[in-house]
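In what follows, a single structure is set out as structure tokens and then discussed.
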Amino acid sequence: MGITSRLKHIQNNLPKNVKLVAVSKKRSTQAIMEAYNAGQRLFGENNAKELANKAVKLPKDIQWHMIGHLQRNKVKYIIPHVNLIHSIDSIKLLEEINKRAEKENKIIKCLIQIHIAKEISKHGISINKTEEFLKKSEKFYNIKIVGLMGMATLSKDIKEINQEFSSLKHTFENIKNENITILSMGMSNDYKIAINNNSNLIRIGSAIFEN
Ligand SMILES: *Cc1c(COP(=O)(O)O)cnc(C)c1O
3 MGITSRLKHI QNNLPKNVKL VAVSKKRSTQ AIMEAYNAGQ RLFGENNAKE LANKAVKLPK
63 DIQWHMIGHL QRNKVKYIIP HVNLIHSIDS IKLLEEINKR AEKENKIIKC LIQIHIAKEI
123 SKHGISINKT EEFLKKSEKF YNIKIVGLMG MATLSKDIKE INQEFSSLKH TFENIKNENI
183 TILSMGMSND YKIAINNNSN LIRIGSAIFE N
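Residue numbering for the sequence shown follows our numbering, beginning at 3 and increasing consecutively.
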């Protein structure tokens with residue numbers, strides 16, 4: 003099986019309301035073009051310069067998603083290209099994005115990353131700070147918060163993963179409205195559990211690009 007068949011297999015089994023981000027970090031332009039030619043248009047990167055470099059080389063109708071931890075001094079590279087930033091974890095980061103977006107006369111769509119995993123190395127704000135964070139983000143006119151993102155603990159314990167996704171699902175259900183509509187959860191190993199917990203945007207790399 004190649005990229006095209008793995009991608010189609012995943013696509014064909016998704017509920018209609020769930021969108022797929024093909025995580026193309028460290029993948030070649032050739033591999034990305036194979037997914038593109040199979041109809042894929044949403045691609046995710048976790049490195050700002052890599053996203054920018056790929057965006058200038060690859061077809062203009064690709065929607066680039068920034069999914070990894072974003073340093074403030076790297077924001078400038080992605081502003082011209084990015085369609086959605088999944089990894090908002092501080093007000094300072096929002097300030098920088100807002101400043102750069104204002105200069106380019108853009109509104110940047112963002113998700114707040116919520117820390118639901120056991121690993122402290124994972125980024126994100128704590129779940130009980132979500133509403134306070136949302137309130138603070140209202141003053142940034144060049145940013146539109148459209149949802150939440152979370153990563154579960156890297157674990158084989160399905161129950162634990164399910165609990166983590168479920169906690170984010172409840173937070174999302176409490177705050178969702180006409181603007182806040184996106185719940186980004188689920189990767190190659192846990193996306194089915196994420197979809198069972200109302201995820202409507204999954205981020206899949208290895209299950210598409212690796213044999
Ligand atoms: C790499 C990455 C993914 C994809 O992981 P796979 O296990 O390869 O599907 C999803 N989300 C984030 C934030 C990532 O960094």
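Just so you know, even glycine gets a beta-carbon here, dropped at the ideal spot from N, CA and C. If you're wondering where the values come from, they're calculated on a predicted model, not measured in any experiment.
> Does the segment 130-138 come within contact of the segment 156-168, defined as at least 3 CB pairs closer than 8 Å?
Replying inline: no
>> Let's test the definition: count the other Cβ atoms within 10 Å of the Cβ of Tyr143 and tell me whether it reaches 16, buried, or not, exposed.
In response: exposed
>> For the beta strand (DSSP E) containing Ser186, name the first residue and the last one.
In response: 184-187
> For Glu52, which of Thr31, Asp63, Ala40 has the nearest alpha-carbon?
Replying inline: Among Thr31, Asp63, Ala40, the Cα nearest to that of Glu52 is on Thr31.
>> Using a Cβ distance threshold of 8 Å, determine whether the segment 98-113 contacts the segment 66-80, with at least three qualifying pairs required.
In response: Yes, the segment 98-113 is in contact with the segment 66-80.
> When burial is assigned at 16 or more other CB atoms within 10 Å of the CB, is Lys56 buried or exposed?
Replying inline: buried
> Just reading off the beta strand (DSSP E) that Asn85 is part of, what are its end residues?
Replying inline: For Asn85, the enclosing beta strand (DSSP E) starts and ends at 84-90.
> Are the Cβ atoms of Leu9 and Ala40 separated by less than 8 Å?
Replying inline: yes
>> With H, G and I counted as helix, E and B as strand and the rest as coil, what does DSSP make of Ser128?
In response: In the structure shown, Ser128 adopts extended strand secondary structure according to DSSP, grouped into three states.
>> Pop quiz: Thr155 and Glu121 are said to be a contact at Cβ under 8 Å. What is the actual Cβ separation, rounded to whole angstroms?
In response: 6 Å
> Going straight from the alpha carbon of Lys111 to that of Val148, what length do you get?
Replying inline: Annotation: Lys111 to Val148 spans about 6 Å, alpha carbon to alpha carbon.
>> Please tell me whether, using a cut-off of 7 Å, the distance from the CB of Ile69 to the nearest non-hydrogen atom of ligand 1 is below it.
In response: Yes - ligand 1 has a heavy atom lying nearer than 7 Å to the Cβ of Ile69.
> To the nearest whole angstrom, what separates the beta carbons of Leu96 and Ile145, a pair I think is in contact under 8 Å?
Replying inline: 6 Å
> Can you list, in chain order, the stretches of the beta strand (DSSP E) that have 3 or more residues and sit fully within the segment 103-157?
Replying inline: 110-117, 145-153
> Which residues in the same chain as Ser139 place their Cβ atom closer than 7 Å to its Cβ, once the five residues preceding and following it in sequence are excluded?
Replying inline: Excluding residues within five positions, the ones whose Cβ falls inside 7 Å are Leu96, Ile145, Ile147.
> CB-CB under 6 Å to Ala24, same chain, minus the five flanking residues each way: which ones, in chain order?
Replying inline: Around Ala24: Ala37, Gln42, Phe45, Ile210.
> What residues match up with Lys194 in a beta bridge as DSSP calls it?
Replying inline: DSSP lists no partner for Lys194.
> Taking Ser123 as the reference, which of Asn85, Ile129, Met153 has the closest Cα?
Replying inline: Met153
>> Please report the distance separating the alpha-carbon of Asn213 from that of Lys28.
In response: It is roughly 15 Å from the alpha-carbon of Asn213 to the alpha-carbon of Lys28.
> Helix, strand or coil: how does DSSP classify Val20 here?
Replying inline: coil
> Would you call the CB atoms of Ile129 and Leu113 closer than 8 Å?
Replying inline: no
> Hey, how far is the Cα of Ile93 from the Cα of Ile81?
Replying inline: 17 Å
>> Tell me the rounded alpha-carbon separation between Met151 and Ile116.
In response: 6 Å
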